[in-house]
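The next block holds one structure in the form of structure tokens; read it before the comments.
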Amino acid sequence: MNSLPANNPDWLVKKIIQMGGTISFYDYMNFVLNDPVNGYYGSGKAKLGVGGDFVTSSSLSDDFAFLVGRQIEDWLFQFKSVFLSNQKLAVIEFGAGDGSFMSGLIKYLLGSSKNFLKGVSFIIIEPNKGMVEKQKNKLEDLLSLGIDILWKGLEEVEENNINGIVIANEVLDALPVERITFSKEKLFRQAVSIDKKSYRLFLDEMPITSELEKSIELAKSELGITIPPKDALEGWTTEWHVDNSEWLKALYGKINNGILLIIDYAKEAEKYYTSRNSDGTMVTYKNQKMIPNVLDSPGNCDLTSHLCVETLINDAENVGFNTVGITKQGEALLALGLAERLYGIQKEFKEDLSNALLRRETLLRLVDPVCLGDFKWFVFNKFKEKKKNINSSCFR
Ligand SMILES: C[S@@+](CC[C@H](N)C(=O)[O-])C[C@H]1O[C@@H](n2cnc3c(N)ncnc32)[C@H](O)[C@@H]1O
């Protein structure tokens, strides 16, 4: 038994006790992130940005949304000119955090393609009500300009109805995952239990389900991923992204003609499922600090894991998506004009050295090869006429 005592908020203790004293790690992650009253995202407690718990590319400044905006604008223009001239197009953002990306994107398009905006709906798909409130506050001014911004559940979108672009930046890393642990020569499902005397939480094990076993076997046959790796030691643990496939399948069904851009931390399978990566990639973030204890401050911090490059691509292709390409954020943003923004700083700030340096740092953080710059950009598409294709400037 892997014991990592941690603090114990009453609401979570009650929930776990009601469920018999032990819950799967998947349920734990779902509760601490998405519980509508106490979850980090569900309640809207999540604090993104430099003054918050962690930064996302969008929460640093509008630069990220402006640069991705160039790509989205280019895709939308191609859609209009190649085959959807009379259709209303959509830009859909999943998991919009505090609304920074959508706000920056619309500001960019207002500046560069104002007339074109009339033919575009902006839709946010966000299950956490607490976050929706933040997003509505952030987008208030743009809503009052009459920009067509809507909040919807994916289930409210008709099948084969989306024509346009779907983006999910740092969202799949927030979907609950199973954790698989190797113990006494067997695989277990990682669990979280309550110590009946101290009421503290600790990591535990529960039997693996036949569904999990099946999906691990499938990954072995389709991708050659061996769980556990041959030389795994006692206690070896990894994440298993059980929700990605269903999410991709539901989304695929809703798209008529569209491009899906997923941006996230991701590792190649050969680095993910090795004996050296003995405790997976799951961490928590609080006050800009990364904390490896996954039971730290439940409900009051982010809990997140890396994606696996090959399993995500395989899941997407298995439901029907076509893979356009994968690149690193650093390279994508340079292809979309980040260097020109850096050169422009001198002109923009003239004698204001301290602000010029701050802006330079913000831009460089987006492409820092040991952090945001290493994020992977996955581009998939679905076209009704399979032969159709459009160009992606982020791969130049
Ligand atoms: C790390 S934040 C993403 C930040 C944002 N995309 C940005 O660029 O700053 C994760 C977001 O995903 C949302 N989320 C969690 N589960 C989701 C799901 N199943 N579908 C869509 N969004 C989800 C969270 O509520 C939160 O808004």
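Under the numbering used here, the first residue of the sequence shown is numbered 507, with each subsequent residue one higher. Cβ coordinates follow ideal geometry from the N, Cα and C atoms, glycine included.
query: Nearest-angstrom Cα separation, counted from A822 out to K755; result: 8 Å
query: Assigned secondary structure, S727 (DSSP; H/G/I helix, E/B strand, else coil); result: helix
query: Alpha helix (DSSP H) segments (min. 4 residues) lying fully within the region 574-633; result: 606-618
query: Candidates K892, V556, G526, E745: closest to L864 by CA position; result: V556
query: As assigned by DSSP and simplified to three states, the class of L681; result: coil
query: Any 3 or more C-beta pairs closer than 8 Å across the region 744-751 and the region 703-721; result: yes
query: Proximity test, S788 beta-carbon vs ligand 1 heavy atom, cut-off 8 Å; result: Note that residue 788 is Met in the sequence shown here, rather than Ser. Outside the cutoff, so no.
query: Distance, F583 Cα to N592 Cα; result: 12 Å
query: Ordered list of beta strand (DSSP E) runs contained in the region 834-898, each at least 3 residues; result: 882-888
query: Residue range of the alpha helix (DSSP H) that includes N463; result: In this structure the chain extends from 507 to 902, so residue 463 is not present and cannot be described.
query: Three-state class that DSSP yields for Q794 in the structure shown; result: coil
query: Between the CA atoms of N669 and L678 - distance to the nearest angstrom; result: 22 Å
query: 8 Å CB neighbourhood of K658 in its chain, flanking five on each side removed; result: I629, I630, I631
query: Ligand 1 heavy atom lying under 8 Å from the CB of P542; result: no
query: Limits of the beta strand (DSSP E) - the one that L656 falls within; result: 655-657
query: According to DSSP, residues forming a beta bridge with A697; result: S530, D710
query: Any non-hydrogen atom of ligand 1 closer than 8 Å to V677 Cβ; result: yes
query: Three-way DSSP call (helix, strand, coil) for E665 in this model; result: coil
query: Assigned secondary structure, N540 (DSSP; H/G/I helix, E/B strand, else coil); result: helix
query: Assumed close pair N828, K888 - CB separation to whole angstroms, cut-off 8 Å; result: 7 Å
query: Neighbourhood of P713 by C-beta distance below 8 Å, restricted to the same chain and skipping five residues each side; result: F694, R695
query: Cβ shell of I523 (< 7 Å), same chain only, five flanking positions each side left out; result: I700
query: Bridge-paired residues (DSSP) for S689; result: K692
query: Whole-number beta carbon distance between G831 and Y758, since they are thought to touch under 8 Å; result: Y758 to G831, Cβ: 18 Å. No contact.
query: Contact under 9 Å by Cβ, D880 with G836; result: yes
query: From G764, A602, K690, residue whose alpha carbon lies closest to that of Y547; result: A602
query: Contact set for F572: own chain, Cβ-Cβ below 7 Å, skip 5 residues either direction; result: G610, Y614
query: Where K521 falls: helix, strand or coil (DSSP); result: helix
query: Distance between L709 and V683 (C-alpha atoms, nearest Å); result: 15 Å
query: Proximity below 9 Å, CB of L778 to CB of T732; result: It should be pointed out that residue 778 corresponds to Tyr in this sequence rather than to Leu. No, they are not a contact pair.
query: Sheet register partners of A722 (DSSP bridge); result: The displayed chain sequence assigns Ile, not Ala, to residue 722. Looking at the DSSP assignment, I722 forms no beta bridge with any residue, so it has no partner.
query: Beta-carbon contacts of P798 that lie in its chain and below 6 Å, excluding the five residues immediately before and after; result: V789
query: S509 in three-state terms, based on DSSP; result: In this prediction, S509 has a pLDDT of 46, which is less than 50 and means its spatial position is unreliable; nothing more can be read from the coordinates.
query: Assigned secondary structure, W746 (DSSP; H/G/I helix, E/B strand, else coil); result: strand
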